[in-house]
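Visitor: Those letters in the sequence shown? Residues 1416 to 1545, per our numbering, in order. Handing you this structure, nothing more for now.
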Amino acid sequence: MSTKTVINDVPCEKVQDIFSAEEIAASGDATSTPEIPISKAYGSFVIEATITGDGTCKFELLTSCSGDYFSEPENVDDLATGLTKTSGDGSGHVQIPVSFGDAIGRYMKIKVTETGTSNSVTITAAVYGR
């Protein structure tokens, strides 16, 4: 069953839920499972997330050719940094657009790290393909 929505005036289809009320401890991290075939993201996608808690976090893209080992591609910046419960619309609802041209692997995961070092964050997020 697909879920369709419009993000920034662009029709999108939900590819996969990646976090469901995932609490990330201070200085901790969480990685989405299972992996997402990059072909389902259509070369560009949007992460729609809700951030709660008093921490600060960043989102990273991890890729893999085999599906066995995931890492952040060389020369690729974090997807978003400094996000808090007041980011985005002011209530922690954020949309992170991601676009890539060259093939960077067959599979991807999203990693969220709490970067504030003293408080946790809780993340609920999904990936939408355009």
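The beta carbon of each residue, even a glycine, is placed where N, CA and C say it ideally should be.
1) Between the C-alpha atoms of Lys-1429 and Tyr-1543, what's the straight-line distance to the nearest angstrom?
2) Could you tell me the distance, in whole angstroms, from the CA atom of Asp-1444 to the CA atom of Val-1491?
3) Does the region 1490-1505 come close enough to the region 1433-1442 that 3 or more CB-CB pairs lie under 8 angstroms?
4) When burial is assigned at 16 or more other CB atoms within 10 Å of the CB, is Gly-1507 buried or exposed?
5) Rounded to whole angstroms, what is the Cα-Cα separation between Ser-1454 and Phe-1485?
6) Residues in its own chain within less than 6 angstroms of Pro-1512 by CB, not counting five upstream and five downstream?
Guide: With the structure as the only source:
1) 4 angstroms
2) 19 angstroms
3) no
4) buried
5) 16 angstroms
6) Val-1461
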